[in-house]
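Residue 587 in our numbering sits at position 340 of the sequence shown, and the numbers go up by one each step.
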Amino acid sequence: MFEDFILPDIGEGIVECELIEWLVNEGDLVAEDQPVADVQTDKALVQIPAKHAGRISKLYVHQGELAKVHAPLFQMEIESTASFEPGHPVPSPATSSPGHWSARQSDLAPTELGGAKVLATPAVRRIAREQAVDMQQVQGTGPKGRILKQDMVAFVEGAAVPVVVSAEAEAKVDSAAVSPVECIPMRGMRALMAKKMLHSVRTIPHFTYAEEIDVSALNRLRRSLNEGLAEGQSRLTLMALFIKSLSLALGQYPLLNSHMNEAGDEIAQYADHNIGMAVDSPMGLLVPNIKAVNHLSLLEVAAEVKRLTEAGRAGRLAPADLSGGTITISNIGAIGGTVTTPIINAPEVAIVGIGRIQRLPRPDAQDQLVLREIIVVSWSGDHRVIDGGTIARFNNSWKAWLETPERMLLALR
């Protein structure tokens, strides 16, 4: 029996998603609930499992294409007496569903060039035609020497073997020389980030405030506390200390833990401090948030920082991790740079960018120059809600917690 798997609703308001990777091939046997595909919505990477045990007879969507909700994603042959292990291809195409092998052959149709056969997809052959490339000269790295898209792009960008083409083909190459080899569609997380950032800069009157903070004592305290941690406990990072101390400052200035509504006529001030942290991932900038930091211990915050960072870099953040933030920290200093002008993560009203640690000379109590560990924090605020004086006083409170971390330990619950 053949059955189409219909892509279900995978999130509120989501009507399509990008097929990131097939985890199976046509002809593979799979077990019930075995992951079949990774799809990317505008909020998270979601893994699609098989509803039944059986054999994958057809994949309707190619990698990189958009899959529609309520449309077929793949077809399965329900196997009741299968004798193959899940994940192993069926050895003969004789039992494939109608059209299965013809569709597969059209995808991998060999191209006749100079008497030799070249395996390539239609997209790769199209690039070859547009760039007037003799595909016999391209070394394929796919199965059975199949030429992949990256093989063709790499060859076009820096082919070592001269390509003999006609005058007409040369004209095509000249006309295409100023065009990009590949146009990358804005989908998934990148599309969501682009839309949110454009909305923020168009609708929010930003202003920036920057200040130096001495984190020498904070770093010493972090190293000392880590030495006493038991095996298996999450080690304290500066990010965990930044987040917990920011929560303490929010307790004194709750207006910064707010959202502005779309109409710009109401402020929602929140009791819980859901502090977002920007994560640099392969899919672009992600901003998961730690829920209710004001009710978490320092070690619990450290464990959440580790979990969200690892999940973000692996593209495995849940939608709940990415929603509900009330204020954001962007630690750009982990990569480089000192001063930044971060864009507010609407509907929040403030965001802070942290620069890298610099060892700089500063006067001590006796006016003697000593080397200190200095960071620059750069705030962007929504001028409809907060003004320069408010953010300066709030930052002074945060700075005091960071520069005298012993006080912070006394205030922890």
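Just so you know, even glycine gets a beta-carbon here, dropped at the ideal spot from N, CA and C.
| Asked | Found |
| --- | --- |
| Taking the alpha-carbon of I532 as reference, which of P432, V623 and P589 has the nearest alpha-carbon? | In the sequence on display, residue 532 carries Leu and not Ile. The option with the nearest alpha carbon to L532 is P589. |
| When you compare only the Cα positions, how much space is there between V412 and F402? | Only weak support is given to the placement of V412: the predicted model assigns it a pLDDT of 42, under 50, and the value that follows is read from those uncertain coordinates. Near 15 Å, if we compare the C-alpha coordinates of F402 and V412. |
| Excluding the five sequence neighbours on either side, which residues of its own chain have a C-beta within less than 7 Å of the C-beta of T484, listed in chain order? | A549 and V552 |
| Taking buried to mean at least 16 other C-beta atoms within 10 Å of its own C-beta, is G600 buried or exposed? | buried |
| Mind checking whether I604 and F489 have CB atoms under 8 Å apart? | no |
| Count the other CB atoms, across all protein chains shown, that sit within 10 Å of the CB of E312; report buried if there are 16 or more and exposed otherwise. | exposed |
| Going by Cα to Cα distance, which pick from E513, L659, L497 and A510 is closest to H520? | L497 |
| What did DSSP end up calling M530 once you bin it into helix, strand or coil? | coil |
| Hey, quick one: how far does the beta strand (DSSP E) through V623 stretch, first residue to last? | L616 to D629 |
| Quick one: what does DSSP say D398 is sitting in, helix, strand or coil? | helix |
| Using a Cβ-Cβ cut-off of 7 Å (strictly less than) and excluding sequence neighbours within five positions of W645, which residues of its own chain qualify? | S492, L493 and A496 |
| What is the rounded straight-line gap between the Cα of I621 and the Cα of R609? | 9 Å |
| Given a cut-off of 8 Å, decide if L276 and I295 are closer than it, judged by their beta-carbon atoms. | no |
| Quick one, which of R434, D381, E377 and S447 has its alpha-carbon nearest A627's? | One point to set straight first is that residue 627 is Ser, not Ala, in the sequence displayed. Among R434, D381, E377 and S447, the Cα nearest to that of S627 is on S447. |
| Return helix, strand or coil for V271, following the three-state DSSP convention. | coil |
| Start and end of the beta strand (DSSP E) containing G301? | G301 to L306 |
| Distance, Cα to Cα, H317 vs G387? | 36 Å |
| Whole-angstrom Cβ separation of L468 and P652, contact assumed at under 8 Å? | 5 Å |
| Starting from E557, follow the alpha helix (DSSP H) in both directions and report where the run begins and ends. | L545 to R560 |
| Using only the alpha-carbon positions, how far apart do I303 and E279 sit? | 12 Å |
| Can you give me the start and stop residues for the alpha helix (DSSP H) that T637 sits inside? | G635 to E650 |
| Would you check if the distance between the CB atom of V526 and the CB atom of G559 is smaller than 8 Å? | yes |
| Would R437 pass as a contact of M507 if the rule is Cβ separation under 8 Å? | no |
| Would you give the residue range spanned by the alpha helix (DSSP H) that G311 belongs to? | Careful: G311 lies outside any alpha helix (DSSP H) and carries neither H nor E. |
| Quick one: Cα of E377 to Cα of A441, how far? | 30 Å |
| Would you kindly check if the distance between the Cβ of V428 and the Cβ of E404 is under 8 Å? | yes |
| For V371, collect the residues of the same chain with a Cβ closer than 6 Å to its Cβ; drop the 5 residues on either side in sequence, then sort them by chain order. | I394, K396 and M399 |
| Do I267 and V283 count as a contact pair if the criterion is CB distance below 8 Å? | no |
| Would you mind listing the beta strand (DSSP E) stretches within the region 477-522 that are 3+ residues and don't spill past its ends, in chain order? | 505-507 and 514-516 |
| If I follow the unbroken alpha helix (DSSP H) through A567, where does it start and stop? | P566 to L569 |
| Using DSSP bridges, identify the partner residues of M323. | E250 and I303 |
| Exposed or buried, what is P452 when buried is set at 16 or more other beta-carbons lying within 10 Å of its beta-carbon? | exposed |
| In or out: V262 buried (at least 16 other Cβ within 10 Å) or exposed? | exposed |
| Can you give the Cα-Cα distance for A375 and Q383, rounded to whole angstroms? | 11 Å |
| Go through its chain and collect everything with a Cβ distance to M486's Cβ below 7 Å, but skip five positions before and after it. | M524, V552 and N578 |
| Just to confirm my understanding: we take A565, look at its own chain, exclude 5 residues before and 5 after, and list those with CB closer than 7 Å. What are they? | A291 |
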